[in-house]
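The sequence shown maps to residues 1 to 130 in full-length UniProt numbering.
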Amino acid sequence: MNKFYFKNQLLIAFVLFIFSFYEIYTLRVNDLVINDKNKKEITVSEMNCGVGNGAYSITFLYNDKNYNTKILSEPCINMNIGDKYELYYSDKNDEFIDYHSFEHSKKGVVFSVLILILFLIPYKSLFNKK
Numbered sequence: 001m002n003k004f005y006f007k008n009q010l011l012i013a014f015v016l017f018i019f020s021f022y023e024i025y026t027l028r029v030n031d032l033v034i035n036d037k038n039k040k041e042i043t044v045s046e047m048n049c050g051v052g053n054g055a056y057s058i059t060f061l062y063n064d065k066n067y068n069t070k071i072l073s074e075p076c077i078n079m080n081i082g083d084k085y086e087l088y089y090s091d092k093n094d095e096f097i098d099y100h101s102f103e104h105s106k107k108g109v110v111f112s113v114l115i116l117i118l119f120l121i122p123y124k125s126l127f128n129k130k
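Here you go:
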């Protein structure tokens, strides 16, 4: 095995595998929620649309309970407190999912799987041709 891979290459690939598996699992769970079509209209009570921190989220009240969900930057920046916004609700997990964030997360899954594949290539054996 050592003649095919560089030191720690398989360890990094294993970590990437775990990360990719988690991303795929999360995407699959969210896909089931989206396909249930349990869409709810909420009223935004707080927003975290900080520029540059990469964490965009909204807070809202639903059935006398405060919820917080991540959203993409564009809808967050164009939103005001008191605006209506549609989210998908998961009865099973008691959480809300933004459709646009769900679509965006598909790109993350593709990217993480591609990086995993690149780390599985036996570069050491390719470069050490004798």
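Even for Gly, the Cβ is constructed at its ideal location relative to N, Cα and C.
It should be emphasised that the depicted structure is a prediction, and the values quoted were computed from it without experimental measurement.
In this structure, what does DSSP give as the bridge partners for residue i?
i             : result
threonine 59  : Glu46, Asn68
tyrosine 85   : Ile42
isoleucine 97 : Tyr88
So what's residue i in DSSP terms, helix, strand or just coil?
i               : result
lysine 92       : coil
lysine 37       : coil
isoleucine 121  : coil
asparagine 80   : coil
phenylalanine 4 : coil
asparagine 30   : helix
Identify which residue in the options has its Cα closest to the Cα of residue i.
i             : options                        : result
valine 33     : Leu114, Ser105, Tyr99          : Tyr99
aspartate 31  : Lys124, Leu126, Leu116, Lys106 : Lys106
isoleucine 92 : Asn38, Phe111, Ile12           : The sequence as given places lysine at residue 92; isoleucine does not occur at that position. Checked all of Asn38, Phe111, Ile12; the closest Cα to lysine 92 is Asn38.
aspartate 64  : Ile115, Thr26, Ser45, Phe111   : Ser45
leucine 102   : Leu126, Val113, Asn128, Leu87  : In the sequence under discussion, the amino acid at residue 102 is phenylalanine, which differs from the leucine named in the question. Taking only the C-alpha atoms, the option nearest phenylalanine 102 is Leu87.
*Looking at C-beta atoms only, is the number of pairs between the segment 103-120 and the segment 15-24 that lie closer than 8 Å three or more?*
Contact between the segment 103-120 and the segment 15-24 is present: 3 or more CB-CB pairs across the two stretches fall below 8 Å.
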